[in-house]
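Worksheet: the structure to be examined is printed underneath.
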Amino acid sequence: MMARGKIQIKRIENTTNRQVTFSKRKNGLFKKAHELTVLCDAKVSIILLSSTDKLHEYLSPNTSTKQIYDEYQRTLRPDLWDTHYKRLQETLRKLGEVNKKLQIEVSRRVGQNLEGLTFGELCGLEQEIEGSVKDIREKKYKSITGQTDTARKKARSAEDAHKKLVYEYNAREEEARHREHWFHENGGHYEAVMGYVSGGGSAPPPHVPIPVFALCTDHHSSTHASRGGSDITTYRLLQ
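Everything in the sequence shown is counted per the UniProt record's numbering, starting at 1 for the first residue and increasing by one.
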């Protein structure tokens, strides 16, 4: 039997072989951890992250990762969050400096905290403010123009509506005057209607829509008169 050669400890380049080796050694490691837990009544926690970012974990029965961390901190008293806390403190310090600079720049744009600025810095600040004022002025004029155009459109619409109402009012007034004039020329409302319907009166002007009621014989009344009733012919008004 050939003796197994010693494996050189270095990264396995072949992806398939690397995954197979990881799986075998992981299972062996977890097996040893289980034996250690049972034989020695130990609490074991193993966390593995493969090259494919897949998480593998072994925990002793009735044990959690948090319990292991808490026990570790109680035993050695290290601050597990110290590095993270320091990074947060550094980030906070940098943000504070940026905020302070921004406050100074804002105050300088309103004429404050100008002490210590050189002539060139003052000229640059002046140009920046003038550019800002120019942009604000253009925005203001644009807003005024928009509001003016809207007001003109509303005024033009109201003026058109007013002209329409005036035209309709004058037309109705003219119509009423013609109607009244025609009635008076033909002897009043009742006589004008009776005369026009019977053919003896003058017709109203074409542009005067007179609400004339046409007269027609009531056949029922005529039949009744021919049978011995009254010889008075009655009429009914049809609109």
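The C-beta atom is built at its ideal place from N, Cα and C for all residues, glycine as well. Just so it is clear, the structure is predicted and the values come from calculations on it, not from any experiment.
Check, Outcome
"Proximity of residue 46 and residue 29 at Cβ, strictly below 8 Å", "yes"
"Neighbourhood of residue 84 by C-beta, 8 Å cutoff - its chain only, sequence neighbours within 5 removed", "none"
"Residue from 58, 123, 160 with nearest C-alpha to residue 109", "123"
"Contact set for residue 58: own chain, Cβ-Cβ below 6 Å, skip 5 residues either direction", "30, 33, 46"
"Contact between the region 14-26 and the region 39-56 (3+ Cβ pairs under 8 Å)", "yes"
"For residue 41 and residue 7, the rounded distance between their alpha carbons", "33 Å"
"Closest Cα partner of residue 22 within the set 88, 50, 96, 170", "50"
"Alpha-carbon to alpha-carbon, residue 154 and residue 200", "Residue placement at residue 200 cannot be trusted, given a pLDDT of 49 that sits under 50; what the coordinates show is reported in the next sentence. Their Cα atoms are separated by approximately 55 Å."
"Contacting residues, own chain, Cβ-Cβ under 8 Å from residue 43 (five flanking each side not counted)", "37, 60, 63, 67, 68, 71"
"Distance between residue 151 and residue 117 (C-alpha atoms, nearest Å)", "48 Å"
"Pairwise C-alpha distance: residue 97 and residue 129", "23 Å"
"Inter-residue Cα distance where the pair is residue 163 and residue 176", "20 Å"
"Cα-Cα separation, residue 139 to residue 170", "47 Å"
"CB contact flag (residue 99, residue 107, <8 Å)", "no"
"CA-to-CA distance, residue 165 to residue 178, given in whole angstroms", "20 Å"
"Between the CA atoms of residue 17 and residue 39 - distance to the nearest angstrom", "33 Å"
"Inter-residue Cα distance where the pair is residue 90 and residue 82", "12 Å"
"Separation of residue 20 from residue 48, as counted between CA atoms", "15 Å"
"Identity of the residue in 136, 104, 142 nearest residue 125 by Cα", "104"
"Beta-ladder partner(s) of residue 45, from DSSP", "59"
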